[in-house]
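Visitor:
Number of protein chains: 2
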Amino acid sequence: MMGVTMRIGELATKSGVSVRALRYYEEQGLLAAGRSDSGQRHYPEPAVDRVQLIQMLYGAGLSSRTIAELLPCVDAKVSTPESQARLAAERARIDEQITALIHTRDRLDAVIASTVDPANGCTVVHD
Amino acid sequence: MMGVTMRIGELATKSGVSVRALRYYEEQGLLAAGRSDSGQRHYPEPAVDRVQLIQMLYGAGLSSRTIAELLPCVDAKVSTPESQARLAAERARIDEQITALIHTRDRLDAVIASTVDPANGCTVVHD
DNA sequence: CTTGCCTCTGACGTCAACGTCAGGTCCTAG
DNA sequence: CTAGGACCTGACGTTGACGTCAGAGGCAAG
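As given, the protein sequences belong to chains G and Y, one line each in that order.
Positions 16 to 142 (our numbering) are the ones given, in order, by the first sequence.
Positions 16 to 142 (our numbering) are the ones given, in order, by the second sequence.
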């Protein structure tokens, strides 16, 4: 079967991140890579999902260090009280972020409404 | 009346940001400041709200440049087709961010569930 | 065997939103 | 009038997640 493993370029295109980023993830202990005799990295298919999970967590504002602390507990499925606390804490952080963003969006909606509504002393300029 | 205007330190404590940040906001054109004869900045009360709005927008991932482009259209309440488009675009971006965060939270919930549920081959370790 | 693309390891560059320090001025309480 | 805190303007430092470049080796095609 072909494609049971892939090299870094293919993983990059499949997961939508740069080659540099993948090397960085490895450096940060987020993504393990096998090596060929000549030292080239190779990855199994599930690495694509893993990279996308990493991207999600970055997107949620987590740092490499935090992600590095969470991922092992995802992999090993081993639950210590500490890891549970970490997961819960990050979940809570994301929750707060969502709340804040909704708040911000509402604020922006108010601004949009005021700039659209001429009753607010708003001047609408057309091209 | 006292406190109709305030100096930078007071604004900093009232709005919960650092003095340095306030100077930076001014530098970026986000926050105007009056000057005393000796060159000291003074701000009116509404500056507190303004700073908090700025913080909200930063919190939503907007850059200084983007905020600088949005704020005038908040102040002047002048609506050009371009400014409407900008506002709508940023609102949309925030919406996408919220969606992504909810997605991430769900993912994290799944992880939490799997680490908590022994049926998933998870090992629970107590102190 | 060579051409050309992919990959490797350093290692320095970048960018934003400030932090921090230096050296000097201002202002208010006592 | 003087001490000490608040303020001023540069200007350099910081941090994270990569970008980018240099120099060298690897690999499938022709």
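Virtual Cβ for every residue (Gly too), placed ideally from N, Cα, C.
1. Between Gly74(G) and chain Y, is there a C-beta pair that is closer than 9 Å?
2. Return the residue from the list Glu60(Y), Ile69(Y), Ala103(Y) and Glu25(Y) that minimises the CA-CA distance to Glu41(Y).
3. Helix, strand or coil, according to DSSP, for Ile54(Y) in the structure here?
4. Looking at Ser94(Y) and Leu85(Y), is the spacing between their C-beta atoms short of 9 Å?
5. Does Glu105(G) have its Cβ less than 9 Å from a Cβ in chain Y?
6. Would the beta-carbon of Leu102(G) fall within 9 Å of that of Thr119(Y)?
7. Can you name the residues of chain G whose CB is closer than 7 Å to the CB of Leu26(Y)?
8. If you measure beta-carbon to beta-carbon, which residues of the segment 93 to 125 of chain Y are closer than 8 Å to chain G?
9. For Ser94(G), does the three-state DSSP call read helix, strand or coil?
10. Identify the contact partners of Thr81(G) in chain Y, using a Cβ-Cβ distance below 7 Å as the criterion.
11. Would you mind telling me which residues of chain G sit closer than 8 Å to Val131(Y), beta carbon to beta carbon, in chain order?
12. Tell me the DSSP secondary structure of Gly44(Y) in three-state form.
13. Note down, in chain order, each residue of its chain lying with its Cβ closer than 7 Å to the Cβ of Ala128(Y), except the 5 sequence neighbours on either side.
Guide: Checking against the coordinates, here is how it stands:
1. Against chain Y, the CB of Gly74(G) has a partner CB under 9 Å away; the residue lies at that interface.
2. Among Glu60(Y), Ile69(Y), Ala103(Y) and Glu25(Y), the Cα nearest to that of Glu41(Y) is on Ile69(Y).
3. The sequence as given places Gly at residue 54(Y); Ile does not occur at that position. Residue state, collapsed to three classes: coil.
4. In this structure, Ser94(Y) does not lie closer than 9 Å to Leu85(Y) by Cβ.
5. Taking Cβ atoms only, chain Y reaches closer than 9 Å to Glu105(G), which makes this a yes.
6. Cβ atoms of Leu102(G) and Thr119(Y): not closer than 9 Å.
7. Residues of chain G passing the Cβ test: none, with the nearest at roughly 20 Å.
8. Interface annotation for the segment 93 to 125 of chain Y against chain G: Val93, Ser94, Thr95, Pro96, Ser98, Gln99, Leu102, Ala103, Glu105, Arg106, Ile109, Asp110, Gln112, Ile113, Ala115, Leu116, Ile117, His118, Thr119, Arg120, Arg122, Leu123 and Asp124, criterion Cβ-Cβ distance under 8 Å.
9. Residue state, collapsed to three classes: strand.
10. Those within 7 Å of Thr81(G) in chain Y number zero; the least Cβ separation is about 12 Å.
11. At a beta-carbon threshold of 8 Å, the residues of chain G lying near Val131(Y) are Ser94 and Gln99, ordered along the chain.
12. Under the three-state reduction of DSSP, Gly44(Y) is assigned to coil, being neither helix nor strand.
13. Counting only Cβ-Cβ distances below 7 Å, and skipping sequence neighbours, we find nothing.
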